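**Q** Chains as they are written, first to last, in this note's numbering: chain A, 87 to 319; chain X, 11 to 390.
(1) Quick one: does residue 143 (chain A) have its CB under 8 Å from some CB of chain X?
(2) How is the alpha helix (DSSP H) around residue 268 (chain A) delimited, first residue to last?
(3) With 7 Å as the C-beta to C-beta threshold (strictly closer), list the residues of the stretch 182-196 of chain A near chain X in chain order.
(4) What residues match up with residue 93 (chain X) in a beta bridge as DSSP calls it?
(5) Look at the alpha carbon of residue 247 (chain A) and the alpha carbon of residue 189 (chain A), and state the distance between them as a whole number of angstroms.
(6) Considering residue 66 (chain X), what are the terminal residues of the alpha helix (DSSP H) in which it resides?
(7) Report buried or exposed for residue 358 (chain X), applying the criterion of at least 16 other Cβ atoms within 10 angstroms of its Cβ.
(8) I need the boundaries of the beta strand (DSSP E) containing residue 220 (chain X), first residue and last residue.
(9) What residue range does the beta strand (DSSP E) around residue 85 (chain X) cover?
(10) Start and end of the alpha helix (DSSP H) containing residue 228 (chain A)?
(11) Please confirm if residue 291 (chain X) has its CB atom under 8 Å from at least one CB of chain A.
(12) Given this structure, state the Cα-to-Cα distance separating residue 162 (chain X) from residue 83 (chain X), to the nearest angstrom.
(13) Quick one: list the residues of chain C neighbouring residue 301 (chain X), beta-carbon separation under 7 Å, in chain order.
(14) Closest Cβ-Cβ distance between residue 13 (chain X) and chain A: below 8 Å?
(15) With a 10 Å radius around its C-beta and 16 neighbouring C-beta atoms as the bar for buried, classify residue 18 (chain X) as buried or exposed.
(16) Does DSSP put residue 13 (chain X) in a helix, in a strand, or in coil?
(17) Run the CB neighbour count on residue 183 (chain A), radius 10 Å, all protein chains shown included, and call it buried at 16 or more, exposed below.
(18) Quick check: does the Cβ of residue 205 (chain A) come within less than 7 Å of any heavy atom belonging to the ligand FMN?
(19) Does the count of Cβ pairs from the stretch 369-388 of chain X and the stretch 309-329 of chain X closer than 8 Å reach three?
(20) Given a cut-off of 8 Å on the beta-carbon distance, is the pair residue 13 (chain X) and residue 276 (chain A) in contact?
(21) Looking at the C-beta of residue 297 (chain X), does it have a partner C-beta in chain A at a distance below 8 Å?
(22) Going by C-alpha to C-alpha distance, which of X:101, X:298, X:313 and X:302 sits closest to residue 282 (chain X)?
(23) Of all the options A:251, A:259 and A:302, which has the alpha carbon lying nearest to the alpha carbon of residue 320 (chain A)?
(24) List, in chain order, every chain A residue whose beta-carbon is nearer than 7 Å to that of residue 383 (chain X).
(25) Is the beta carbon of residue 227 (chain X) sitting closer than 8 Å to the one on residue 88 (chain X)?
(26) Please classify residue 309 (chain A): is it buried, with 16 or more other beta-carbons within 10 angstroms of its beta-carbon, or exposed?
(27) Inspect the CB distances between the stretch 216-227 of chain A and the stretch 160-173 of chain A and report whether three or more fall short of 8 Å.
(28) Please state whether DSSP places residue 46 (chain A) in a helix, a strand or coil.
(29) Starting from the Cα of residue 195 (chain X), find the closest Cα among X:139, X:155, X:290 and X:135 and give me that residue.
(30) Against chain X, which members of the stretch 237-271 of chain A pass a CB distance test of less than 7 Å?
(31) Please report the distance separating the alpha-carbon of residue 89 (chain A) from that of residue 25 (chain X).
(32) Just list the residues that DSSP pairs residue 138 (chain X) with in beta bridges.
(33) If the cut is a Cβ gap below 7 Å, which residues of chain X does residue 171 (chain A) touch?
(34) Under 8 Å, Cβ to Cβ, is there at least one residue of chain A near residue 19 (chain X)?
(35) Tell me whether the stretch 85-101 of chain X and the stretch 117-125 of chain X touch, counting them as touching only if at least three CB pairs, one residue from each stretch, are closer than 8 Å.
(36) Quick check: the Cα distance between residue 81 (chain X) and residue 257 (chain X), rounded to an integer number of angstroms?
Structure representation (C-alpha cells):
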C-alpha cells in the first residue's frame with residue numbers, strides 16, 4: 087500500500103532548563119494511505135510526541151517526516167498551519183471544543199479557512215454532523231452536550247474539511263465505556279467506509295483493537311508490531 | 011466577515027466582565043469627551059466675532075480700569091474706523107448669586123452698527139432703544155429664567171453700588187452668544203454718578219486688512235497718556251478672557267491623557283486575563299490551521315471592539331445627557347449651548363478603539379506565540 091506518511095529516523099529532544107530530555111530516539115515507520123494505526127506505550131514513551139510530529143504541530147530534532155511526498159518538517163510555521171488546515175483533522179482527549187461556539191459553529195471552524203461560501207460551509211457542516219449522529223444538536227453549546235456527544239462534535243470538526251489524515255490523542259480517555267465504544271466504532275467507520283487514514287494514541291488495549299495495526303513505543307523507540315499489523319503492511 | 015461569529019462570541023464570553031469593561035470605557039470616555047467639548051466650547055466662544063471687523067480696546071493697566079470717554083472721540087478720528095461703542099461689564103446677578111450670567115451696559119444706539127451679527131426684530135430694537143431702562147436679552151437666558159418681553163427685573167449689585175432695575179424689551183439672536191443681557195450705558199452712568207468712563211470700547215473697522223494697523227495706531231495714540239490702551243481683535247480678546255481662568259487647556263489635556271493612560275492599564279489587566287484563560291483554545295485554533303497572525307488579528311479586533319463599544323456608548327450617552335441638561339443653568343452661564351461636539355466624539359471613539367489595541371496587543375501577542383504543544387498542555 088502507498089505510504090501516506092513516512093517517518094525516517096525521527097528524533098526529538100526537549101530542552102528542560104539546562105537538561106536535554108530525549109523523547110524519540112530514531113523512529114522509522116510508514117503509515118500507508120487508508121491505515122488505522124494505534125500507537126501504544128507507557129507514559130513518557132513518546133507516542134503523543136510522535137503523533138504531534140506527524141500532525142505538524144511540533145518539529146523533530148532530527149530525521150524526516152514526509153507526508154504525501156512533502157517533507158513537512160522543513161515547512162515554515164505559516165506553511166505548516168496552511169498544510170494542517172488542509173490535510174489534518176484533530177481529535178483530542180478533552181474534546182477541546184470552543185465553549186462559546188455551538189456544535190454547528192465548532193464544526194464550521196476549519197471551513198472558515200477555506201474559500202467555501204456560507205451555503206457550501208453549511209452543507210459540509212451538516213453532512214459531518216449527520217455522519218456522527220448529531221444533526222439534531224447543531225445549536226447546542228458544549229456545556230449542553232454529554233462527553234460522548236462533545237467528542238462526536240470534535241470528530242465532526244476533524245472530518246468536515248475531508249482531511250488526508252486524522253490524528254486522535256487518547257480519544258476515549260475521558261469517556262465512559264459506552265461512549266468510548268461508540269467513539270471507536272465511529273473512527274472505525276470513518277476508516278472503513280470513508281477511507282480515512284487514522285493515527286490514534288491510546289493506553290487502552292481495547293481501543294487499540296479497533297485499529298488495523300498497533301505499534302508499541304518504549305523509551306522513544308518502536309519495540310513491537312502486532313502480527314495483524316505486520317500482515318496488513 | 012466569516013469570522014464575525016467567533017469574534018462576537020468571544021467578545022461576550024464572560025458577560026459580566028465585558029459589561030464592566032464597557033462601563034468603565036463608557037465612564038472614562040464620557041469624562042474625556044466632556045473635557046474636550048468644554049475646550050471646544052471655549053474655542054467657539056473665542057470665535058464669536060469671526061467675520062466681523064471688530065477691535066476691543068481696553069486699559070493697558072488692567073481690565074478693571076476705566077477708559078475715559080474722550081478716548082472714544084479720538085478713536086473715531088482714526089482713518090478706517092467705522093464706528094465705536096462703549097461697553098461696561100456690570101457683573102450683577104438675578105435674585106441669587108448662583109443665577110449669574112454675563113451682563114453689560116452698552117451704547118444702545120450704536121449697538122447694532124458695531125454688533126451686526128446680533129439679529130434683533132426692528133420693533134423690539136426700537137423699543138429697547140426708546141426705553142432708558144430697556145434691556146436686550148439672549149434667548150437662552152430668557153428660557154433659563156422663564157422671562158417674557160415686558161418683564162421688569164432687578165439685578166443685584168456685585169461690583170457697582172446700584173441694583174439695575176430694567177425692563178426686557180428685546181431678544182437678540184446670535185449663533186454662539188445666547189446667554190447675555192445688555193442695557194443702556196446712560197442708565198448705568200447716571201446710576202453710579204457719571205464716572206465718564208467705561209472699561210471697554212469696541213471699534214468697527216471698515217477694512218479687515220487694516221485691523222492690525224488701526225490696532226497699533228490706537229495704542230500708539232494713547233501710549234503716553236494717563237490711560238494707555240491695549241487693543242485686540244475680538245478673537246484675541248475672547249482668548250485673553252478665557253486665558254484668565256488659567257491654562258485650562260493644558261490642565262484638561264493633561265487630565266484627559268491621564269484618564270486614557272489609566273484606562274489602558276485597566277483594560278490591559280482585563281485583556282491579559284481574557285487572553286491567558288484562552289491559551290488552550292488558541293492552541294486548538296492554531297492546531298486546526300489558524301495562523302498565529304490571524305488569531306492575533308481576531309483577538310485585537312475583539313479587544314478593540316470591546317473598548318470601542320464602551321467608548322461610543324459613553325460619548326453618545328454624554329451627548330444625549332447634555333441634550334436634556336441645561337448646562338448654561340448648571341454652570342451659571344459658563345457653558346452656553348453645550349453638547350458633546352462631533353470632533354470630541356470622533357476623537358474619543360477613535361482613541362477608544364486604539365485603547366483596545368494598545369491594552370490587548372501584548373497579551374494577545376504573547377498568547378498567540380505559545381507553541382501549540384505547550385498550549386495544549388496548559389492548565390488554566
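Each residue gets a CB set at the ideal place from its N, CA and C atoms; glycine is no exception.
The structure presented is a predicted model; accordingly, all values stated were derived computationally and were not measured.
**A** Reading from the atomic positions:
(1) Residue 143 (chain A) sits at position 57 when you count from the first residue of the first chain. Yes, contact with chain X.
(2) For the purposes of this step, residue 268 (chain A) is taken as the residue at position 182 of the first chain. The continuous alpha helix (DSSP H) containing residue 268 (chain A) extends over residues 263-278.
(3) Of all residues in the stretch 182-196 of chain A, 182, 184, 186, 187, 191, 195 and 196 have a Cβ within less than 7 Å of some Cβ in chain X.
(4) In the second chain, residue 93 (chain X) corresponds to position 83, counting from 1. Within the DSSP bridge table, the entry for residue 93 (chain X) names X:214 as partners.
(5) On the first chain, position 161 is the one that residue 247 (chain A) refers to. On the first chain, position 103 is the one that residue 189 (chain A) refers to. Approximately 15 Å between the Cα atoms of the pair.
(6) Here the question's residue 66 (chain X) lines up with position 56 in the second chain. It is not in any alpha helix (DSSP H) - residue 66 (chain X) instead sits in the beta strand (DSSP E) that spans 64-69.
(7) Residue 358 (chain X) sits at position 348 when you count from the first residue of the second chain. That one is buried.
(8) If you number the second chain from 1, residue 220 (chain X) lands on position 210. Note, residue 220 (chain X): premise wrong, no beta strand (DSSP E); not H, not E.
(9) Position 75 of the second chain, counted from the start, is the residue given in the question as residue 85 (chain X). Residue 85 (chain X) -> not in any beta strand (DSSP E); alpha helix (DSSP H) instead, spanning 79-87.
(10) Walking along the first chain from the start, residue 228 (chain A) turns up at place 142. Looking at the DSSP string, residue 228 (chain A) is not in any alpha helix (DSSP H), and its letter there is neither H nor E.
(11) Numbered from its first residue, the second chain carries residue 291 (chain X) at position 281. By this cut-off, residue 291 (chain X) is an interface position.
(12) Within the second chain, the letter at position 152 stands for residue 162 (chain X). Within the second chain, the letter at position 73 stands for residue 83 (chain X). So the two alpha carbons sit approximately 34 Å from each other.
(13) The structure shown contains no chain C; its protein chains are A and X.
(14) Here residue 13 (chain X) corresponds to residue number 3 of the second chain, with the count starting at 1. Cβ-Cβ to chain A under 8 Å: yes for residue 13 (chain X).
(15) Position 8 of the second chain, counted from the start, is the residue given in the question as residue 18 (chain X). Flag for residue 18 (chain X) reads exposed.
(16) Position 3 of the second chain holds residue 13 (chain X). If DSSP states are grouped into helix, strand and coil, residue 13 (chain X) belongs with coil.
(17) What you label residue 183 (chain A) is simply residue 97 of the first chain in a count that begins at 1. Buried.
(18) You won't find the ligand FMN in this model; it holds no ligand whatsoever.
(19) Touching, yes, given that three or more Cβ pairs across the two stretches are closer than 8 Å.
(20) Counting from one through the second chain, the residue named residue 13 (chain X) turns up at place 3. Counting from one through the first chain, the residue named residue 276 (chain A) turns up at place 190. Between residue 13 (chain X) and residue 276 (chain A), the CB-CB gap reaches or exceeds 8 Å.
(21) Against the second chain, residue 297 (chain X) aligns to sequence position 287. Interface residue, yes.
(22) Indexing the second chain from 1 puts residue 282 (chain X) at position 272. The option with the nearest alpha carbon to residue 282 (chain X) is X:313.
(23) Any question about residue 320 (chain A) goes unanswered here, given that chain A covers just 87 to 319.
(24) Counting from one through the second chain, the residue named residue 383 (chain X) turns up at place 373. Neighbours of residue 383 (chain X) on chain A, chain order: 138, 143 and 144.
(25) Stepping through the second chain from its first residue, residue 227 (chain X) is reached at position 217. Stepping through the second chain from its first residue, residue 88 (chain X) is reached at position 78. Result yes, Cβ atoms of residue 227 (chain X) and residue 88 (chain X) sit closer than 8 Å.
(26) Sequence index remark: in the first chain, residue 309 (chain A) carries index 223 (1-based). Sixteen is the threshold: since fewer than 16 other Cβ atoms of the shown chains lie within 10 Å of the Cβ of residue 309 (chain A), the residue is exposed.
(27) Contact between the stretch 216-227 of chain A and the stretch 160-173 of chain A is absent, because fewer than three Cβ pairs lie under 8 Å.
(28) No answer is possible for residue 46 (chain A): it lies beyond the span of chain A, which begins at 87 and ends at 319.
(29) What you label residue 195 (chain X) is simply residue 185 of the second chain in a count that begins at 1. Nearest to residue 195 (chain X) by C-alpha distance, out of X:139, X:155, X:290 and X:135, is X:139.
(30) Look at the stretch 237-271 of chain A: it has no residue with a C-beta under 7 Å from a C-beta of chain X.
(31) For the purposes of this step, residue 89 (chain A) is taken as residue 3 along the first chain, with counting starting at 1. For the purposes of this step, residue 25 (chain X) is taken as residue 15 along the second chain, with counting starting at 1. Straight-line Cα distance between these residues: approximately 50 Å.
(32) Within the second chain, numbered from 1, the residue matching residue 138 (chain X) stands at position 128. None, per the DSSP bridge assignment.
(33) Taking the first chain and counting its residues from 1, the one referred to as residue 171 (chain A) is at position 85. By Cβ distance, chain X contributes 298 and 299.
(34) By one-based count along the second chain, residue 19 (chain X) stands at place 9. Taking Cβ atoms only, chain A reaches closer than 8 Å to residue 19 (chain X), which makes this a yes.
(35) Touching, yes, given that three or more Cβ pairs across the two stretches are closer than 8 Å.
(36) Your numbering for residue 81 (chain X) matches position 71 in the second chain. Your numbering for residue 257 (chain X) matches position 247 in the second chain. Here the alpha carbon of residue 81 (chain X) sits roughly 32 Å from the alpha carbon of residue 257 (chain X).
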